[in-house]
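Following the working numbering, the numbering of the sequence shown begins with 18 at its first residue and continues without gaps.
No residue lacks a Cβ here, since even glycine has one placed at the ideal position from N, Cα and C.
Here the structure is a predicted model, which is why all the values come from computation and not from measurement.
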Amino acid sequence: RCLYTAYEHHADVYGLAMHPERPFFLVSSSRDTTIRFWIFEDLVRPMLVSVLLRPDQMLEMLGGSIEEAMALFSAEGAKSIKKLYGKASHTLATELTLPAAQTRPVPIQVYQKILTFFLYRQGLEDFWGLIANIRGEMLPGGMNTHRGFFHERELIACQKSKALELASGRSKIGIGSKQEERLQRAAQIMLRVGDLRSYCRFMAQAGHWERAICIAPAVSLKFWQELSSEYVET
């Protein structure tokens with residue numbers, strides 16, 4: 018029986034493929050020369066909430082064989098009962114019943130496995146790393162949580178140091194490069210970390226006064242006037 022009709026493709030659909038690790042991701046290909054990505058997270062969101070509240074409840078959501086699933090779909094007037102039949106869901110359910118997953122508080126790794134299975138968001142792995150760092154836990158295959166994260170100030174200071182080395186010609190990266198190229202690269206680094214004053218100074222030293230003067234008002238009106246006066250003098 019038909020469960021849903023989609024009109025996104027404009028010709029015959031020739032191929033369907035499921036994501037090997039995230040079963041609610043699907044891709045389809047068509048004679049209209051396009052591929053479409055499908056996400057079925059909304060269908061399993063109630064399951065996700067239940068498993069997050071009680072990880073051991075995952076076992077109750079498992080179905081039997083694929084034949085059983087096909088029989089349910091083909092039966093007329095059958096009650097709609099959502100069950101999970103894939104290999105990945107059985108593997109996750111087994112992992113959630115292990116003693117390590119039953120400890121309290123629930124380890125971050127358990128929530129990570131559940132959410133990774135039911136849904137995907139870009140940057141979610143970084144989120145788990147941050148939470149593990151706060152709780153003092155170690156994620157499998159991850160860096161030491163106490164050394165894997167750095168404060169923004171440290172990263173900015175590191176980038177500024179790199180830019181100064183480029184501008185002075187001491188950096189190994191700048192060997193063989195022209196002074197103008199090194200100054201431009203140093204200026205771009207300063208622009209990325211938000212140091213507009215240094216960006217303007219390096220660009221002026223590289224001979225690109227117009228670009229420097231265009232950005233100078235973002236620093237201050239006084240700085241723009243100073244830079245403009247220096248440009249006139251040169």
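Could you compute how far the alpha carbon of residue i sits from the alpha carbon of residue j?
i, j, result
"Thr108", "Val123", "19 angstroms"
"Leu43", "Met78", "21 angstroms"
"Leu101", "Glu112", "15 angstroms"
"Phe144", "Leu156", "12 angstroms"
"Ala105", "Cys175", "43 angstroms"
"Leu65", "Phe135", "6 angstroms"
"Trp241", "Val210", "20 angstroms"
"Tyr137", "Thr120", "25 angstroms"
"Ser185", "Met220", "14 angstroms"
"Ile52", "Ser45", "5 angstroms"
"Lys99", "Ser67", "13 angstroms"
"His27", "Arg39", "26 angstroms"
"Gly193", "Leu183", "For Gly193, the pLDDT reaches just 47, beneath the cut-off of 50, and the residue's location in the model is therefore unreliable, although a value from the coordinates is still provided. If I take the Cα positions, the gap works out to 12 angstroms."
"Arg62", "Leu69", "11 angstroms"
What's the call for residue i, buried or exposed, on a 16-neighbour Cβ count within 10 Å?
i, result
"Ile151", "exposed"
"Ser31", "Reading off the sequence, residue 31 comes out as Tyr, not Ser. Answer is exposed; the Cβ neighbour count stays below 16."
"Ser215", "buried"
"Arg48", "exposed"
"Val127", "buried"
"Met87", "exposed"
"Ala34", "exposed"
Would you identify the three-state DSSP class for residue i, choosing helix, strand or coil?
i, result
"Met87", "helix"
"Leu200", "helix"
"Leu101", "strand"
"Ser237", "coil"
"Glu243", "helix"
"Thr114", "coil"
"Asp212", "coil"
"Met207", "helix"
"Asn161", "With a pLDDT of 46 at Asn161, under the threshold of 50, the modelled position of this residue cannot be trusted, and the question is left open."
"His225", "coil"
Would residue i and residue j qualify as a contact pair, given that the criterion is a beta-carbon distance under 7 angstroms?
i, j, result
"Asp73", "Thr114", "yes"
"Ile206", "Cys217", "no"
"Ile125", "Ala149", "yes"
"Leu200", "Gln222", "yes"
"Val236", "Leu213", "yes"
What do you reckon, is the C-beta of residue i under 6 angstroms from a heavy atom of the ligand NAD?
i, result
"Ile125", "What this structure holds is no ligand at all, so the ligand NAD is not there to describe."
Along the chain, which unbroken stretches of the alpha helix (DSSP H) at least 4 residues long are found entirely within the region 20-82?
Complete alpha helix (DSSP H) runs here, min 4: 58-70.
Suppose only complete runs of 4+ residues qualify. What are the alpha helix (DSSP H) ranges in the region 118-159, listed by chain order?
125-135, 141-152
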